[in-house]
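Q:
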Amino acid sequence: GQSLEQPSEVTAVEGAIVQINCTYQTSGFYGLSWYQQHDGGAPTFLSYNALDGLEETGRFSSFLSRSDSYGYLLLQELQMKDSASYFCAVRPSYNTDKLIFGTGTRLQVFP
Amino acid sequence: GAVVSQHPSWVICKSGTSVKIECRSLDFQATTMFWYRQFPKQSLMLMATSNEGSKATYEQGVEKDKFLINHASLTLSTLTVTSAHPEDSSFYICSARDPRQGALDQPQHFGDGTRLSIL
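If you're matching them up, the sequences are chains A and B in order.
Going by our numbering, the first sequence opens with residue 1, and the numbers climb by one from there.
Going by our numbering, the second sequence opens with residue 1, and the numbers climb by one from there.
1) If you draw a straight line from the C-alpha of A:Ala-89 to the C-alpha of A:Asp-52, how long is it?
2) Report yes if the CB atom of A:Pro-92 is closer than 8 Å to the CB atom of A:Thr-26, and no otherwise.
3) For A:Thr-23 versus A:Gln-36, is the C-beta distance shorter than 8 Å?
4) CB B:Ser-73 to CB B:Leu-116, shorter than 8 Å?
5) By DSSP, does B:Lys-66 sit in helix, in strand, or in coil?
6) Short check: CB of A:Ser-83 to CB of A:Val-109, under 8 Å?
7) Could you name the residues of the region 43 to 55 of chain A whose beta carbon sits closer than 8 Å to any beta carbon of chain B, in the order they occur along the chain?
8) Just verifying my parser: in three-state terms, what is the DSSP assignment at B:Ser-73?
9) Of the choices A:Trp-34, A:Met-80, A:Asn-95, whose alpha-carbon is the least far from that of A:Gly-71?
10) Contact defined as beta carbons within less than 8 Å: I believe B:Val-4 pairs with B:His-71. What is the distance between those atoms, to the nearest angstrom?
11) Is the beta carbon of A:Glu-56 sitting closer than 8 Å to the one on A:Asn-49?
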């Protein structure tokens, strides 16, 4: 089977840094993506890692270690608007863009 | 940027009714689209891959006769929930990748979702 495990909830205050972890076990691996979803809204793409290491996009960074089947999303300088659910997602097959999503992490940012 | 439109955004209907949900790619053509179901405070569960001009590919455990998928054109996929019952109440979301972006690792673009409530 396919599984991507994330912590269910993380809380932090404005201006802080949080890390959301993702450990995966999938039939194949062709990249780890991160999506943000506000309540009642559509998921939006944040970041992508195909190779090991850190990818930085503004306040958000994402890390991947394929040998550990592990990745994380790092959110810096937290803002209230960052309160949302965050999902990691794996593309398990080479010849399709199908994604399998993680269990999701709800981030609450307090003032 | 690439836009995916989903309609309707909200449906309430009686048990036993069939409901059709549309997913359109507005400014690109998509040979494949994906349908997800999401229960409150849970993850997105992939239901099926919609393939333009051919049969959909369903994930394990998803009833093909219950969730009919049609992808008749390069910009439109439809999901029909047949004889819906209260347990089918959920948030249904579609997605597609803009092929103009190149590789398969480019992000999926999601519709705004359809909240389905069966009474």
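Glycine residues also receive a C-beta, built at the ideal position from the N, C-alpha and C atoms.
As the structure is a computational prediction, the values presented were derived from the model and not from experiment.
A: Answer, in terms of the structure:
1) 16 Å
2) yes
3) no
4) no
5) coil
6) yes
7) Pro-43, Thr-44, Phe-45, Tyr-48, Ala-50
8) strand
9) A:Trp-34
10) About 14 Å; that fails the 8 Å criterion.
11) no
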